[in-house]
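In what follows, a single structure is set out as C-alpha cells and then discussed.
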Ligand SMILES: Cc1cc2nc3c(=O)[nH]c(=O)nc-3n(C[C@H](O)[C@H](O)[C@H](O)COP(=O)(O)O)c2cc1C
Ligand code: SF4
Ligand code: FES
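Chains as they are written, first to last, in my numbering: chain A, 1 to 206; chain B, 207 to 775.
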C-alpha cells in the first residue's frame, strides 16, 4: 500500500493501481472516452488527463500508475482547458449526435459544440453492406475499440484496422471491402463497444 | 499481375532468416520496389509467410508515405515543401512541373511514366529547394531546369562540414567513407579497442563523466541511459541507432553517415559492449537511399575485418547490426514509434512508462541514440580524447553559406550566422530565426546573440533540438512560414492521440486561412486553446511541440493574429 493525494484527499491504495482507479476509490470520477473496462487501455483520447505535481505535461490517469507521495489535481484549470478543447475539436470533426456520453461531457465541461463548425468535418457515406450492422463512419471518433475487440483483445477475427495517418485515420476493412467479403464473423463485439453510434445493429437502427 | 515479380517476392520471403512480423516493413519495401506499389497478391503472400493478417498489413501500408496500394510510376518525383524549400519557391516549381507533365499531384501519368508528389523535408535544406527523383537527391531545383529534374539530373548535395577545431567531423574529406582501412588509419576503432580493455562500469562512468547529452533532440544524458539499460539483468538488450532524421532543417545525420559512418558503428559497438547487447539496429529514413547503401558496405567490411559479428577481435564479445529502412513517416523518429515500426506495425508511439531502457523494441531493454551521439561516444574513448564539447549545427535558410557546422557549445547565435554563415544573402535584414526546426520556436530579437548552450537556451525558454538554425530574411512573411510548419504537422501527426490528431488539423486550417485572408476575431483564442492542449496533453513529443512555433509567433507578433490588423499577404 502507498499513500498519495488526489484533489487534496489523502488516498491509500495498492501501488499497481492507476490514478483513475485510485480516484474512483474515493469517489472522484474522471471523464474518459477511449477507456473500456474490458480492453487494453490505449490511452489515446487524453480526456482523462490530470495534473501531477512536478510533471512537465498532464498525464493520462487511465494508464499512469500511482506513486508514493504523488499530488494529483483532477480538475485544475489546465485540465479543464484541455478537456473542453478536445471535446470542441471532436465536435468540429465528427457527428456526435448519437454519442450520449460525449454530449454529457460537453455539457459538464462547458464545451461549445459549434466552436469549430467552420472546420472540415469527416463525412462519409453510410456503409450498409450486410444484413446485421450498419456502419456510419461520419460518427466515428477513431477510438479504435472495434479494432481492438476484432483483434487480439477478444475475437482474433482481424476484419478491421485503422488505416491512414493523422486526421485521415479511418476504421477500415481490407481494401475497404464490404464486410461479407472480409474475415468478419458478425460476432457483434464491435457493436457492443462502439461509444458513438457509428456501429449499430440493424434492428436498433429501425 | 507479373508472375515473375511475384516469384521474386516469394524468393525474398523464403530467404528471410526469421519469418515473423518484424520482417513486415522490409518485405513491404521490397514489394514496393519490385512492383512500384503493393498489389493485393503481394499482401496475400506476405501475410501467409509472416503470419500477419491481411487487414493489418493494409493498415500498415496506409500509414507510411513511401508505401502505396495503387500503382505509382516509373519515375516518382518528390518535391520538398517543408519551410526552407517552400520559402524558396518549391510549391511553384512543383506546380510548373505538374503542368509540364500534364498531371495532378499524386496521380501517375496515364502512360505510367511519371508521378509528382510533395514531401516534407528531405534533409537537403542547405541546398534548397530540393527534390528526390526516385532515390536520387537533386538540389537547387528551379523552374528553368525542369527537363533536367525530370531526368534526375542536377546538382548533388555537398556533404562536408565547416569547423576550425573539428572533432566529430575530423575525418570528413580525409577518408573514403566506405574504406575501413582509411578509417583505421585515422585512428578508427581505437576507442572501441580501448573500451574492450575496460570493464562495463568504467565505460559507462566515462560516458557519464563526458557530460554527453543526446543529440537527437531531447538532450537526455547518454551515460545515464546506458546505466539504466545495463543494470537490467535481462539477457536480451538492444542497441539502436536512430537515423530517421526528418525534422525540417536537420541534415547532420545524413552528412555524418556519408562521411564517417564507421565512427557511428564504433559508438554502437562500445555501447553494446558496455551494456551487454548482442544485437543492434540502425533505422535509416527511407529517403536516405545512399546512406543505407553505404552503411550496408560498412557492416560488411567491418564483419570481414572482425570488428563485427561473432567473437569480435577475439574478445569473446559478439554483436550484430541490422539496417532497417524507414518508409516515409516523421513520427518513426520518435523512439517508441521506431520500435513499433521495427516490430512491423503502424508507427504509433507508446505511452511511457515503460521507458525504452526497461521495455523497448520487442519489449526488451533498449538503448537508443542518435547518429551524432554514437559518433561522439567513439571519440570519448579514442586516443585523441576530446571533451571539448562541440556539436553539429545545421544552418539553413537565407544565409550565404548554409551547411553543416561543428562548433563549440556556447557560440553566440548571431556569430554563427554572420561569421560562419557569412550573413544573409545580399546583406538583407534578418526577419526572424527559428531554432530547433519545425518543432522549435521563433527566437525573439533580444536573444539573437544568445550563447548556444543548454543552460542559456533553457533560461530563455528556447531549445536547439537537433541543432537546427533556420534564418529568414526580410523578404519572408511570418504567416507563410507558419503555414509551412503547420502543414508539416498536419501531414506527419500519426493520429493516435486526440490532441494532436485533431489539433494539428485545426491549427493548420486556421493558420492557412490567416495566411490567405487574414485572421477572424476568435482565431487567436482558438490557436491558444489548441496549442496548449497539444502541448499539455499529447501522447508524444510530436504533438507536444507541434504548436511551439505558432505559440511563439502569437507571443512575438500578436497583431498578426488579431482581426483588426487586417488581411496579410
Ligand atoms: C516526433 C519525433 C521525431 C524524432 N525524430 C528523431 C530522429 O529523427 N532522430 C533522432 O535521433 N531522434 C529523434 N527523436 C528523438 C528520439 O525520440 C530519441 O529521444 C532519440 O533518438 C534519443 O537519442 P539521443 O539520446 O542520442 O538524442 C524524435 C522525437 C520525436 C518526438
Ligand atoms: S502526439 Fe501526435 S504523433 Fe504523438 S501519439 Fe499523439 S497523434 Fe501521434
Ligand atoms: S481514457 Fe482515453 S486516454 Fe485515458
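In this text, a Cβ means the ideal position worked out from N, Cα and C, and glycines have one as well.
Anticipated Cβ contact below 8 Å, residue 629(B) with residue 393(B), distance rounded: Reading the second chain from its first residue, position 423 is the one you call residue 629(B). Reading the second chain from its first residue, position 187 is the one you call residue 393(B). Between the beta-carbon of residue 629(B) and that of residue 393(B) there is about 36 Å, and that puts the pair past the 8 Å contact cut.
7 Å Cβ cutoff, residue 135(A) in contact with chain E: In the structure shown, chain E cannot be found, because the protein chains are A and B.
Beta-carbon neighbours of residue 174(A), restricted to chain B and to distances below 7 Å: Position 174 of the first chain holds residue 174(A). Ordered by position in chain B, the residues that pass the 7 Å Cβ test against residue 174(A) are 260, 261, 264.
Cut-off 6 Å between Cβ atoms - residues of its own chain near residue 414(B), not counting five sequence neighbours on either side: Residue 414(B) sits at position 208 when you count from the first residue of the second chain. Only 429 meet the Cβ criterion.
Contacts of residue 246(B) in chain A (Cβ-Cβ under 8 Å): Position 40 of the second chain holds residue 246(B). The contacting residues are 175.
Contact test: residue 766(B) Cβ vs ligand 2 heavy atom, cutoff 6 Å: Here residue 766(B) is taken as the residue at index 560 of the second chain, counted from 1. Not so, every heavy atom of ligand 2 lies at least 6 Å from the Cβ.
Per-residue DSSP class, three states only, for residue 611(B): The sequence position of residue 611(B) within the second chain is 405, counting from 1. Here residue 611(B) sits in strand by DSSP.
Terminal residues of the beta strand (DSSP E) in which residue 170(A) lies: Residue 170(A) sits at position 170 when you count from the first residue of the first chain. From DSSP, the beta strand (DSSP E) with residue 170(A) extends over 170-172.
Short CB-CB distance (under 7 Å) between residue 86(A) and chain B: Taking the first chain and counting its residues from 1, the one referred to as residue 86(A) is at position 86. Yes, residue 86(A) lies at the interface with chain B (some Cβ there is under 7 Å from its Cβ).
CA nearest to the CA of residue 617(B), picked from 597(B), 633(B), 639(B): For the purposes of this step, residue 617(B) is identified with residue 411 of the second chain, where counting begins at 1. Among 597(B), 633(B), 639(B), the Cα nearest to that of residue 617(B) belongs to 597(B).
Residues with C-beta closer than 6 Å to any heavy atom of ligand 4, in chain order: No copy of ligand 4 appears in this structure; the ligands present are ligand 1, ligand 2 and ligand 3.
Partners in chain B for residue 45(A), counting only beta-carbon separations shorter than 7 Å: Translated into positions along the first chain, residue 45(A) becomes position 45. By Cβ distance, chain B contributes 704.
Cβ of residue 164(A) within 7 Å of any chain B Cβ: Residue numbering aside, residue 164(A) sits at position 164 when the first chain is read from its first letter. It does: the Cβ of residue 164(A) has a partner Cβ on chain B nearer than 7 Å.
Interface residues of chain A facing residue 227(B) [CB-CB closer than 9 Å]: Taking the second chain and counting its residues from 1, the one referred to as residue 227(B) is at position 21. The contacting residues do not exist; residue 227(B) stays about 12 Å from chain A at best.
Chain B contact for residue 149(A) (CB, 7 Å cutoff): Within the first chain, residue 149(A) is the residue found at index 149, counting from 1. No, no contact with chain B.
Assumed close pair residue 132(A), residue 202(A) - CB separation to whole angstroms, cut-off 8 Å: Against the first chain, residue 132(A) aligns to sequence position 132. Against the first chain, residue 202(A) aligns to sequence position 202. At roughly 6 Å, the Cβ-Cβ gap stays under 8 Å, so residue 132(A) and residue 202(A) are in contact.
Residue closest to residue 12(A), alpha-carbon to alpha-carbon, out of 71(A), 63(A), 47(A), 54(A): Taking the first residue of the first chain as position 1, residue 12(A) is located at position 12. Residue 12(A) has its Cα closest to that of 71(A), out of 71(A), 63(A), 47(A), 54(A).
Segment contact flag, the region 725-743 of chain B with the region 74-89 of chain A, C-beta cutoff 8 Å, min 3 pairs: yes
Cut-off 6 Å between Cβ atoms - residues of its own chain near residue 360(B), not counting five sequence neighbours on either side: As a working mapping, residue 360(B) is identified with position 154 in the second chain. Taken in chain order, the residues that qualify are 344, 354.
Residue burial classification, residue 772(B) (beta-carbon count within 10 angstroms, cutoff 16): For this step, residue 772(B) is matched to residue 566 along the second chain. Below a pLDDT of 50, predicted positions are generally treated as unreliable, and residue 772(B), at 49, falls in that range; no measurement from the model is reported.
Residue 126(A) to residue 43(A) span [Cα, whole Å]: Reading the first chain from its first residue, position 126 is the one you call residue 126(A). Reading the first chain from its first residue, position 43 is the one you call residue 43(A). Looking at the two C-alpha atoms, the distance is approximately 28 Å.
Selection from 466(B), 752(B), 676(B) that minimises the alpha carbon distance to residue 376(B): In the second chain, residue 376(B) corresponds to position 170, counting from 1. Of 466(B), 752(B), 676(B), the residue nearest in Cα terms is 466(B).
Residue-level contact to chain A via CB, residue 701(B), 7 Å cutoff: Here residue 701(B) is taken as the residue at index 495 of the second chain, counted from 1. Yes, contact with chain A.
Rounded straight-line distance, which links the Cα of residue 276(B) to that of residue 198(A): As a working mapping, residue 198(A) is identified with position 198 in the first chain. As a working mapping, residue 276(B) is identified with position 70 in the second chain. In a straight line, the C-alpha of residue 198(A) is about 28 Å away from that of residue 276(B).
C-beta neighbour in chain A for residue 210(B), strict 7 Å: Stepping through the second chain from its first residue, residue 210(B) is reached at position 4. With 7 Å as the cut-off, residue 210(B) does not count as an interface residue toward chain A.
Straight-line Cα distance separating residue 434(B) from residue 563(B): Here the question's residue 563(B) lines up with position 357 in the second chain. Here the question's residue 434(B) lines up with position 228 in the second chain. Cα to Cα, residue 563(B) sits roughly 6 Å from residue 434(B).
Cβ-based neighbour list, residue 534(B), same chain, cut-off 6 Å, excluding 5 preceding and 5 following: Here residue 534(B) refers to the residue found at position 328 of the second chain. 270, 271, 272, 492, listed in sequence order.
6 Å Cβ shell around residue 334(B) - same chain, five flanking residues per side excluded: As a working mapping, residue 334(B) is identified with position 128 in the second chain. Excluding residues within five positions, the ones whose Cβ falls inside 6 Å are 290, 291, 294.
Interface positions of the region 14-36 of chain A facing chain B (Cβ-Cβ less than 7 Å), listed along the chain: Residues passing the 7 Å Cβ filter: none.
Which of helix, strand or coil DSSP assigns to residue 712(B): Position 506 of the second chain, counting from 1, holds the residue named residue 712(B). If DSSP states are grouped into helix, strand and coil, residue 712(B) belongs with the helices.
Environment of ligand 2 in chain order, Cβ to heavy atom below 6 Å: 537(B), 555(B), 699(B), 700(B), 701(B), 702(B), 703(B), 706(B), 707(B), 744(B), 745(B), 746(B), 748(B), 749(B)
Identity of the residues DSSP links to residue 264(B) by a beta bridge: Here the question's residue 264(B) lines up with position 58 in the second chain. BP columns for residue 264(B) are empty, so no partner.
Closest Cα partner of residue 508(B) within the set 525(B), 494(B), 498(B), 495(B): Along the second chain, read from residue 1 onward, the residue named residue 508(B) stands at position 302. Cα-wise, what sits closest to residue 508(B) is 525(B).
Under 7 Å from the C-beta of residue 742(B): neighbouring residues of chain A: The residue you call residue 742(B) lines up with position 536 of the second chain. The contacting residues are 57, 58, 78, 82.
Buried versus exposed call for residue 210(B) [16 or more other C-beta atoms within 10 Å across all chains shown]: Translated into the one-based positions of the second chain, residue 210(B) becomes position 4. Exposed is the call here.
Any chain B beta carbon closer than 7 Å to residue 61(A): In the first chain, counting from the first residue as 1, residue 61(A) sits at position 61. Not closer than 7 Å to any Cβ of chain B, the Cβ of residue 61(A) fails to qualify, so no.
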